[in-house]
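Q: My structure is below; once you've seen it, I'll send some questions.
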Amino acid sequence: MKIKAALLPFYRLAILVAIAWLIRSHHDRIRVQGGWPITVSEVRVFLPEAHHLKVDSGERKGLIVLDQARQEIGYAVRTMPHCRKIVGYSGPTDVLAIFDDDDKGVGIAIRHSYDTPSHVEDVKFEFLFMESWNGRSWDDIAEITNLNDAQIYAVSGATRTSEAVAYSVNHRVAMTRSEGAAEEPWHFGWRDWLLCGFLVGGLAFAFKKETFIQKWRPLYSVATILGLGFWMGDLIAQSLLVGWAESRIPWAATPGLVIFVLAAFLIPWFTAQPLYCQFICPHGNLQRWFMKLVPAKWKRPLPGDGKWIGRLVPVMLLAVVVAVSFLQLDFDLAGIEPFDAYLVKSAGVATLSVAVVGLLISLFFPMAYCKFGCPTGWLLEFVRKRSGKDRFSDRDWIGLGLFLLALALHFTPLEKILG
Amino acid sequence: MRSGKSFLIRSLGLVIVGAVAAVILTEPVAEARRERRIKEVLLEVQEGLQRYHVKEEIYPRFAMSGGELIDFLHGKSHLEKSVMNPWVGGGYDGGSEVDRMRYETDDVAESYELTVRYWRSEKIKFRLDSTENQSLE
C-alpha cells in the first residue's frame, strides 16, 4: 500500500481519534436510549418514512428521526429512565413520544409498564387520552403544569396510571429546560500544578541533553515513582482514557491531568520523543531501577519469535479494552495494567499481580512490561513520529484492525451480541 | 526466509494470545447475557405478580424462591409457563436448579420485593419492589 509518508502521522492520530469518537458516540447512544432502546419499527407506527434514528446528544437527549434520504422528519424520546420516579398505581411507565419535523406531537405509545397490567391496557386503548399530545408543540407540552387546564383528562378506571403516563411525557419534555447544563467552574489546583511540573521535568530531560540537567535524572525518576505514582496515582492508563472517551474530558475539574495526557500523546507525535514512556512513567522508571538489581550476566535476551509473540499481548489487551467499553462489560480495566497498583490501599488483586509479575520479569528481561505488556504504551508508540524513513507497518495495520473492531461493535446492536 | 519451526511457534503464540483474550472476555460476556435474561424474567414475573394482585387484592403471602414463585403464578394462570431460568437457560422444572431470585412480602402482603443476589452471596444485584425500586432502569 502506497501512502505518502507525510500522511502517516495524521493517519495514526486519526485512527485514535476515530476510535475515541466511536466510543463516545456509542455511550451517548446508551445514555440517551437507556436499557431498552427505541427501535425504528416503533417510530414507524407514527412516522412511516422513518428509516434511521440518530442520537441527539444535545439538551433534549432524544433521537432524531431520519428518512431514507437522511432528511430529518421528526424526533423521538422515551420517558424512562428519566421519569422512573413518576409512579402510577403500582409502578412507572415507559412511554414513547414522537414529534414531527415541525416539533409537534404525532403520538405516544406505552412501551413497557411496571404498573398494573389491566390499568395499563385500559390506558393503551383509550385513544382520546393517547392522542392528547397530538398537534401540540414540544414547547407547549413542556409548559403544561396542570393536566385539566391543558385538557388532558385521565382515563376513568385507570386514573393514576394515565396521570403517570401524562406527567411522564410532560416531565420528559420539560426536563430539557430544567436540566440546563450548569457549567462546572474551571479549577487549576495544586495537583494540576504538580502534574505540569512533572511534565516540564520530563520535557527538560527529553530535550535538554546538557550534563547539568541530565545529572538530575535519577532524582527525577525517583520523584516520578514516589510522587506521581505512589502519592498522586496519576498514571496514564486505559481505564482513564476509556473513561474520558465514554463520558467527557474533564477540562474544568482536572485541567492539569488533561494537559498532561494530551502532551503525552502529542509531543511524541510532533517530535518523535517518547516523552511519557521514556521519562515520566513511574512504572517504566521503577522497571529501570529493577533492572539494576540483577547482574547483566543473568539477563536473557528474548528470542525473535518470543518478541513477535510478546508484541501481540498489548494488542490483544487493546482489543479487550475496546470490547469491554462497547459491550459495557462488568470488567475492571484497571486490572489489566499495573498502574492502579500504585494506589496501594485501593488496588485490586489483578492490578497488583500485573505490577509485581511485570517487575519480576523485568529483572531478567529488561523493560519487559513496557515492550510486551503495556497497551497504553502501545498507543503512545503508535502515534509517535517515526524517525527516518516512515512506511505503513504492521502497527498501522493493527491500528486499522482496532478501528474496524470498534466500528463493528458500534454498529452491531448490543442485543445481537448479548442476546 | 522464516523457518517452518518459527512459523509454527508464532502461530501457536497467536492462538495462545487469542485464547487468553477469549478467557478474559468469556465470563464478563456470559454475565452480561445472563443479566439481560434475568431482567427479562424479572419483568415477566413482576407483571404476573401485578395480575395476581389485581385479582386477589394482595400479593402472594409467603416468601418464595424464583422457581417457586413462577410455579405459583403459573398455577394461578397469571404467568406463561415459558419463563426461562436465566441461570441455566432452560425451564424452571425440578426445583433444585440454580435460582438466585427471591420473592418476599410484608406481614399483610400489601407489598412485594423481588431480588436477585450475586452468586454465593447475600449482596443484592437487582431489586424490583412496590415501594422504592419500581423499575430496573
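Protein chains in written order, with the numbering used here: chain A, 1 to 419; chain B, 1001 to 1137.
Idealized CB from N, CA, C, for every residue including glycine.
If you pair each beta-carbon of the segment 151-163 of chain A with each one of the segment 60-75 of chain A, do three or more pairs fall below 8 Å?
A: The segment 151-163 of chain A vs the segment 60-75 of chain A: no contact.
Q: Counting only the same chain and skipping the five closest in sequence on each side, list residues whose C-beta sits under 7 Å from that of A:L96.
A: I38, E42, A76, R78, I108, A109 and R111.
Q: Quick check for students: name the residue ranges of the beta strand (DSSP E) that lie wholly in the segment 44-86 of chain A, counting only runs of 3 or more.
A: The segment 44-86 of chain A contains these whole beta strand (DSSP E) runs: 52-55, 63-66 and 72-78.
Q: Suppose you measure from the CA of B:R1061 to the CA of B:Q1050; what does that come to, to the nearest Å?
A: In a straight line, the C-alpha of B:R1061 is about 14 Å away from that of B:Q1050.
Q: Between A:Y420 and chain B, is any beta-carbon pair separated by less than 7 Å?
A: Past the boundaries of the shown model lies residue 420 of chain A; chain A is included only from 1 to 419, so the question cannot be answered.
Q: Can you tell me which residues form a DSSP beta bridge with A:D99?
A: Residue 99 of chain A is actually Phe in this sequence, not Asp. Answer is A:Y75 and A:G105.
Q: Check the DSSP bridge columns for B:N1085 and list the partner residues they point to.
A: According to DSSP, which records beta bridges pairwise, B:N1085 is partnered with B:G1090.
Q: CB-CB under 8 Å to A:A406, same chain, minus the five flanking residues each way: which ones, in chain order?
A: Excluding residues within five positions, the ones whose Cβ falls inside 8 Å are A18, I19, L22, I23, V322 and F326.
Q: Is the Cβ of A:I117 closer than 7 Å to any Cβ of chain B?
A: Reading the sequence as shown, one finds Pro at residue 117 of chain A and not Ile. Answer yes: the Cβ-Cβ gap between A:P117 and chain B drops below 7 Å somewhere.
Q: Provide the residue(s) that pair with B:Y1103 in DSSP beta bridges, ordered along the chain.
A: According to DSSP, B:Y1103 bridges with B:M1064 and B:L1114.
Q: With 7 Å as the threshold, decide whether the Cβ of A:S90 is near any Cβ in chain B.
A: Chain B contact via Cβ: present.
Q: According to DSSP, what are the bridge partners of A:L414?
A: For A:L414, which the question treats as bridged, DSSP gives no partner whatsoever.
Q: Grouping DSSP H, G and I as helix and E and B as strand, with all else coil, what is B:R1127?
A: Looking at B:R1127 - three-state DSSP - the assignment turns out to be strand.
Q: Fully enclosed by the segment 206-288 of chain A, which beta strand (DSSP E) runs are 3 residues long or longer?
A: Here no run is fully enclosed.
Q: Taking any Cβ of chain A, which residues in the segment 1050-1079 of chain B have a Cβ under 8 Å from it, in chain order?
A: Against chain A - using a Cβ distance shorter than 8 Å - the residues of the segment 1050-1079 of chain B are Q1050, R1051, H1053 and V1054.
Q: Helix, strand or coil, according to DSSP, for A:R111 in the structure here?
A: Correct three-state label for A:R111: strand.
Q: Given a threshold of 16 other Cβ atoms within 10 Å of its Cβ, counted over all protein chains shown, does A:N170 qualify as buried or as exposed?
A: Answer is buried; the Cβ neighbour count reaches 16.
Q: Report the neighbours of A:F331 on chain B: residues whose CB is nearer than 7 Å to its CB, in chain order.
A: The answer, in chain order, is P1028.
Q: List the residues of chain B that A:P81 touches, going by C-beta distances under 8 Å, in chain order.
A: By Cβ distance, chain B contributes S1135 and E1137.
Q: Can you round the beta-carbon distance between B:E1137 and A:P301 to whole angstroms, since I take them to be within the 8 Å contact cut?
A: Not really, about 55 Å apart at Cβ, beyond 8 Å.
Q: Quick check on DSSP: helix, strand or coil for A:S118?
A: Three-state DSSP puts A:S118 in a helix.
Q: Whose C-alpha, out of A:D94, A:V173, A:V120 and A:S168, is nearest the C-alpha of A:E59?
A: The candidate whose alpha carbon is nearest that of A:E59 is A:V173.
Q: Output yes if chain B places a C-beta closer than 7 Å to the C-beta of A:L418; else output no.
A: Taking Cβ atoms only, chain B reaches closer than 7 Å to A:L418, which makes this a yes.
Q: How would you list, in chain order, the residues of chain A whose beta-carbon sits under 9 Å from the beta-carbon of B:R1037?
A: Within 9 Å Cβ-Cβ: G419.
Q: Excluding sequence positions up to five away, which residues of its chain have a Cβ less than 6 Å from the Cβ of B:E1209?
A: There is simply no residue 1209 of chain B to check, as chain B begins at 1001 and stops at 1137 in what is shown.
Q: Beta carbon of A:G284, beta carbon of A:C370: below 7 Å?
A: Yes, they are a contact pair.
Q: In whole angstroms, give me the CA-to-CA distance for A:A181 and A:V55.
A: In this predicted model, A:A181 has a pLDDT of only 49, less than 50, meaning its place in the structure is not dependable; the value taken from the coordinates is given anyway. Using only the alpha carbons, I get a separation of about 18 Å.
Q: Who are the near neighbours of A:W289 in its chain, counting only those whose CB is closer than 6 Å to its CB and skipping five residues on each side?
A: Closer than 6 Å at the Cβ level, and outside the excluded window around A:W289, lies no residue.
Q: For the alpha helix (DSSP H) containing A:D139, list its first residue and its last residue.
A: Taken as a continuous stretch (DSSP letters only), the alpha helix (DSSP H) holding A:D139 covers W138 to A142.
Q: Using a Cβ cut-off of 7 Å (strictly closer), state whether A:R84 contacts chain B.
A: With 7 Å as the cut-off, A:R84 counts as an interface residue toward chain B.
Q: Please name the residues in the segment 319-351 of chain A whose beta-carbon is closer than 9 Å to at least one beta-carbon of chain B, in chain order.
A: From the segment 319-351 of chain A, only A319, V320, A323, V324, L327, Q328, L329, D330, F331 and I336 have a Cβ closer than 9 Å to chain B.
Q: Please determine, among A:V344, A:N146, A:F188 and A:G335, the residue with the shortest C-alpha to C-alpha distance to A:L240.
A: Closest by alpha carbon: A:G335.
Q: In angstroms, rounded to a whole number, what distance separates the CA positions of A:L203 and A:K385?
A: Approximately 16 Å, taken between the alpha carbons.
Q: Over the uninterrupted alpha helix (DSSP H) stretch that includes B:A1022, give me the two end residues.
A: Looking at the DSSP string, the run of the alpha helix (DSSP H) that includes B:A1022 is G1004 to E1056.
Q: Tell me the DSSP secondary structure of A:D94 in three-state form.
A: Note: A:D94 maps to strand in three-state DSSP.
Q: Buried or exposed for B:R1100, going by 16 or more other Cβ atoms inside 10 Å?
A: Buried, because 16 or more other Cβ atoms sit within 10 Å of the Cβ of B:R1100.
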